[in-house]
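For the sequence shown, my numbering gives the first residue as 68, with consecutive numbering after it.
Every residue, glycine too, gets a C-beta built ideally from N, C-alpha and C.
Given the structure is predicted, the values throughout are model-derived calculations rather than measurements.
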Amino acid sequence: MNRRPWMALAALSVWAGLAGCHVDSSKNGDHKNVNISTPFGGLQVKTNDSAVLESIGLPAYPGATPVHEKSDDGAADVNMNFGSFHLRVKAASYRTSDSPQTVADYYRDAMKHNGEVLECRGGKPIGSPAQTSEGLGCENSEGHHVIIMDKGGIAQIQLKTGSKLHQHIVALDAEGGGTKIGLIALDLPGKSGDSEGEGQ
């Protein structure tokens with residue numbers, strides 16, 4: 068996680084303070100926490116590699132090391148609640164010397180307990196299924212589809228499980244002779260008319 072999100076959170080904290088909101092921030096070692104409470108809802112951000120990884124529900128790749136950009140934590144748990152709007156993103160980044168395909172094989176097996184596993188490359192499904200029984204696909208279209216972007220563009224390989232509103236994603240990119248791994252759990256905002264089992 069780079070420093071820009073923390074700068075944005077600092078600006079939001081100033082705004083929240085001016086709006087009569089309550090802002091708590093704390094640091095414990097390298098872990099940072101921000102809690103903003105307003106009459107309309109709140110925002111919580113936590114960074115702690117091991118706690119975030121546990122809450123994501125996906126294992127760290129054996130022997131991989133956490134990615135720490137500019138000495139910030141490599142993991143974050145962001146939880147936003149404003150009225151009926153609820154968004155939660157939990158993410159952690161790792162590096163390994165193993166190839167993307169070797170890592171993909173590991174996670175394809177590790178993710179099976181969450182349901183069917185999609186493999187996506189360039190926003191398109193590889194093999195089958197092309198969509199989970201809960202309606203989650205690879206493409207970045209209208210609705211609740213998510214493609215994970217890195218500085219270089221779309222992640223080389225994405226493995227996905229879940230539904231349109233509740234997803235687990237493993238994003239893999241070749242890096243040097245190894246792989247950069249992104250582990251993500253998403254709870255996306257939904258409307259009362261959304262049908263998670265709908266097709267595309």
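In whole angstroms, what is the alpha-carbon distance linking residue 118 and residue 131?
17 Å
Residue burial classification, residue 235 (beta-carbon count within 10 angstroms, cutoff 16)
buried
Are the beta-carbon atoms belonging to residue 253 and residue 156 less than 8 Å from one another?
yes
Can you grab the Cα-Cα spacing for the pair residue 213 / residue 237, in whole Å?
Unreliable positioning characterises residue 213 in this predicted model, as indicated by a pLDDT of 48, which lies under 50. The coordinate reading is nonetheless provided below. Their backbone Cα atoms lie some 12 Å apart in a straight line.
Would you grab the beta carbon distance between residue 165 and residue 114 for me? Rounded to a whole angstrom, and I think it's under 8 Å.
Not quite, the Cβ-Cβ distance comes to about 26 Å (not below 8 Å), so this is no contact.
Out of curiosity, what's the CA-to-CA distance linking residue 142 and residue 123?
10 Å
Identify the continuous beta strand (DSSP E) that holds residue 168 and give its terminal residues.
First-last for residue 168: 167 to 177, but that is the alpha helix (DSSP H), not the beta strand (DSSP E).
Whose C-alpha, out of 128, 176 and 163, is nearest the C-alpha of residue 243?
163
Residue 204 burial status per 10 Å Cβ neighbour count (16 or more: buried)
buried
Could you name the residues of the same chain whose beta carbon sits closer than 6 Å to that of residue 251, not counting the 5 residues immediately before and after it, in chain order?
158 and 236
Can you tell me where the alpha helix (DSSP H) with residue 201 in it begins and where it stops?
That residue, residue 201, is in no alpha helix (DSSP H); it is neither H nor E in DSSP.
Check for me: the beta strand (DSSP E) holding residue 156 runs from which residue to which?
152 to 163
Quick check on the burial criterion: 16 or more other C-beta atoms within 10 angstroms. Buried or exposed for residue 179?
exposed
Residue 172 burial status per 10 Å Cβ neighbour count (16 or more: buried):
exposed
Taking residue 233 as the reference, give the member of 127, 126, 153 and 241 with the closest Cα.
153
Go ahead and pull the three-state DSSP assignment for residue 293.
This structure leaves residue 293 out entirely; the chain is present only between 68 and 267.
Grab the span of the beta strand (DSSP E) containing residue 143 for me, first residue to last.
142 to 149
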